[in-house]
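In the order they appear, the protein sequences are chains W and P. Following full-length UniProt numbering, the numbering of the first sequence begins with 1 at its first residue and continues without gaps. Following full-length UniProt numbering, the numbering of the second sequence begins with 1 at its first residue and continues without gaps. Note that beta-carbon positions come from the ideal geometry of N, C-alpha and C, so glycine has one too. One structure is given here, and the rest of the page talks about it.
Protein chains: 2
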Amino acid sequence: MPDTETAPERIPHGPTTDRPVRFSTLARDAGSAARAGRLETPHGAVETPAFMPVGTQGTVKGLTPDQLWAGGSRMILANTYHLALRPGEETVAALGGLHRFTGWDGPILTDSGGFQVFSLAQRAKITDHGASFRSHLDGRLLELTPERAVAIQEALGADVAMCLDHCPALPAGKDAIARAVDRTIAWAGRCKAAHARADQALFGIVQGGAHEDLRARCAEALVALDFDGYAVGGVSVGESREEVRRALAVSTHRLPEDRPRYLMGVGRPQDLLDAVATGIDLFDCVMPTRNGRNATCFTDQGLVKLRNAAHTRDASPLEAGCDCLTCAKFSRGYLRHLFMAKEMLGPILASIHNLAYLHRLTSRMREAIRAGRFVQLRMEVLEALGP
Amino acid sequence: MPDTETAPERIPHGPTTDRPVRFSTLARDAGSAARAGRLETPHGAVETPAFMPVGTQGTVKGLTPDQLWAGGSRMILANTYHLALRPGEETVAALGGLHRFTGWDGPILTDSGGFQVFSLAQRAKITDHGASFRSHLDGRLLELTPERAVAIQEALGADVAMCLDHCPALPAGKDAIARAVDRTIAWAGRCKAAHARADQALFGIVQGGAHEDLRARCAEALVALDFDGYAVGGVSVGESREEVRRALAVSTHRLPEDRPRYLMGVGRPQDLLDAVATGIDLFDCVMPTRNGRNATCFTDQGLVKLRNAAHTRDASPLEAGCDCLTCAKFSRGYLRHLFMAKEMLGPILASIHNLAYLHRLTSRMREAIRAGRFVQLRMEVLEALGP
């Protein structure tokens, strides 16, 4: 994948000192576009590359904020669509905003709600104006426009808000993707115009599928709008690892050096390594917690399925050398028992490990980038993980 | 309830220094039979009166051992019936015993399994030999005798094991209860004879319903067998608070002063206060965690139902002045949201509070006993709780 690892194109940009979030590069890898950085937000700083656990409904399922912090989480994501439907952004605002509401006083990012409208809501209709849809909870007819997505996110009060984008369902022809790019650019302009909250950053989202010209057009238009950060979207909606790599290859290096870059919805260890090599800083994905609830755990030797009978009397930890709570205290045999007995603690402990695994992986990446051996780390980890 | 609060009858007993668990009375209340004490076990000491959370299948539902400890839990209960069926006591033993298995390295008590055989298992048949039944999990035909109950508990390796007793289903005539008492006494003798593990205590269980003569006969026979501690059983199987009080009134004061006294299956704040007044030291009950999972929480002003719409925008904690994690960090509005959204964290945080509430209540009782004002505390708490 040499084309993704060349030195990134520099795009000149003004000073960022008055921005609600500030990104600084602390180290660059010699053999790839990987970078180690620091994202400062109104609720603290995050060392990058970093993985953000997903707290869909204002909670990372089964984990307290203390457990998240102890496991290495430093920034979490919450879903605008879910919170706007229940309990409603006005209720969250009345309860002091997302940080007070959730008890997580570190950095928070909210998505725009668009992805859930397209994937979860009933009978979504998309026009240039916005999306109208019916709530998957109670069938209420609702509307999500760029302006409304910004208003909801301002009420929720995360440190980082996302522009409403149009992520077309795959497979999609190039024409459909091009129209989605046009709409994404137009909506980004409207989001930028609508956004007023000074203590909240707004990120643009690059769409364009695996088409270099579309990704380039989208990135350039968004960069011209001067966002606080940029996301690469539309790469975790069912495409292959190769397609993800191609989308990244034609997107990441077009994004400004001095702004954080966020790859949405990606959480496989392999994909994190690939994406960091192209210069991505931030990730989110439900995979570690969803897999965890389903007894499937990350290890450096690949996935471990905790319901497997082989673990019944296995006194060893889920992963030797892991310093997470789960591995420090509990055996595979106990974890298997919890899943067989349908005990809540099984999903909890597996989620704790999976998140800690990804945080440890990003920590190792940061270290390797500083030490100039990211390419080597990537090869070692990919080889150990297997196919 | 003056008859339950008279000074306890002293029953002479030998030295207890060579016992696996040792109980010492640190303070006695002047106005009741309440006592503050200390139970030393192979896995640490517990200040009494104390409440033990129930970890039915080797886990207090949804909580890690760290969370239990932080919330004030010092001794937990695990269920022999459940663990013998799944994963099997031999698996627990192969994984290092209950403490290593569960990651809780404080004191643990296991029940005998009898209560679950009578309440959960299918087609239980009870003879003087023991109980035969079918597993509620897979229909396997199994047998629980006094000897087998001891063998399972020795394999599990708790600090305190319980004798197999016969707890008749209510309502039961006096004849049936008398036969259950005879069987309970005979089984206690067989348990005592079978029990060999030197680092594990064995407690006897007093049955006899609300009949003073039966309770007296049972208590005397068990005391003659010289157990490390004594439980009062058969008082949380559907009878009224008045019946519980009567059973305690005729049981507790017949148990030796220098041994711990454990009231099985009782967890209502009101019942704890009543029982401590008669000289009970230990309690267990699923109520705090089961109620918690069902959004019902203890407070000094009575039960709070978290799903109530009145809490939607309530920024105040579940209980003002409570120092548990839940009350320190989260609002009633957030807790309600978690329950409405069916998020695991709701049951977790409600369970944390309910356990902390009972631990705080027992802590206040210990303090009040030391300060000679237990009767006053009891009146105050009962009055605030309401009917």
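Counting along the chain, no beta strand (DSSP E) covers F374(P); the unbroken alpha helix (DSSP H) around it starts and ends at 374-385. V181(W): member of the alpha helix (DSSP H) spanning 174-194, first to last residue. Proximity of chain W to R86(P) at the Cβ level (cut-off 8 Å) is accounted for by H337, M340, A341, in chain order. Under the Cβ distance rule, M287(W) does not count among the residues neighbouring chain P, no pair being separated by less than 8 Å. By the neighbour-count criterion, in which a residue is buried when 16 or more other Cβ atoms sit within 10 angstroms of its Cβ, L263(P) is buried. Proximity of Q57(W) to chain P, defined by a Cβ-Cβ separation below 8 Å, is satisfied. When only Cα atoms are considered, A27(W) and G208(W) end up about 29 Å apart.
At the C-beta level, C218(W) and V206(W) come within 8 Å of one another. Every beta strand (DSSP E) of 3 residues or more that sits fully in the segment 36-106 of chain W is shown, in chain order, as 44-48, 50-55, 76-78. Assignment of M365(W) by DSSP, reduced to helix, strand and coil, places it in the helix class.
What Y357(W) touches in chain P, judged by beta-carbon distance under 8 Å, is nothing: the nearest beta carbon there is about 18 Å away. Taken in chain order, the complete beta strand (DSSP E) segments of 3 residues or longer contained in the segment 203-252 of chain W are 229-232. Taking a Cβ-Cβ cut-off of 8 Å, the neighbours of P65(W) in chain P comprise K329, given in sequence order. I348(W) belongs to the set of residues whose beta carbon lies under 8 Å from a beta carbon in chain P. Excluding sequence positions up to five before and after A36(P), its CB lies within less than 6 Å of the CB of L26, A27, R366, I369, R370, all in the same chain and listed in chain order. Taking 8 Å as the threshold, the shortest C-beta distance from A176(P) to chain W does not fall below it. Around the C-beta of T326(P), 16 or more other C-beta atoms lie within 10 Å, and the residue is accordingly described as buried. For S135(W), DSSP records no beta bridge to any residue. Excluding its 5 nearest sequence neighbours in each direction, G204(W) has C-beta neighbours in its own chain below 6 Å: C163, A188, L222, F227, Y230, listed in chain order. Boundaries of the beta strand (DSSP E) around S24(P): 22-28. For Y81(W), the closest Cβ of chain P is not nearer than 8 Å.
Straight through space, the alpha carbons of H353(P) and A70(P) are spaced by roughly 11 Å.
Shown in chain order are the members of the segment 296-320 of chain P whose Cβ falls below 7 Å from a Cβ of chain W: T312, R313, A315. At a cut-off of 8 Å, the C-beta of F101(W) has a neighbouring C-beta in chain P.
Around H166(W), the same chain offers A180, R183, T184 as residues with beta carbons nearer than 6 Å, after the five sequence neighbours per side are excluded. Distance from the CA atom of E89(W) to the CA atom of R123(P), rounded to whole angstroms, is 53 Å.
Taken through DSSP and simplified to helix, strand or coil, K125(P) comes out as strand. From the listed residues V304(W), L39(W), M52(W), the smallest Cα separation to V266(W) is found for M52(W).
At least one C-beta of chain W is nearer than 8 Å to the C-beta of M344(P). When Cβ pairs closer than 8 Å are counted between the two stretches, the segment 374-387 of chain P is seen to touch the segment 293-301 of chain P, the count reaching three or more. The beta-carbon separation of R307(P) and K61(P), rounded to 19 Å, does not stay under the 8 Å limit for a contact.
The beta carbons of P65(W) and G97(W) sit no closer together than 8 Å.
Taking a 10 Å sphere around the C-beta of E319(P), we find 16 or more other C-beta atoms and assign the residue as buried. DSSP, reduced to helix, strand and coil, places D284(W) within a strand of the structure shown. Bridge pairing for L142(W): F133(W) [DSSP].
Put simply, of G279(W), C285(W), Y357(W), G321(W) the residue whose alpha carbon is nearest the alpha carbon of D29(W) is G279(W).
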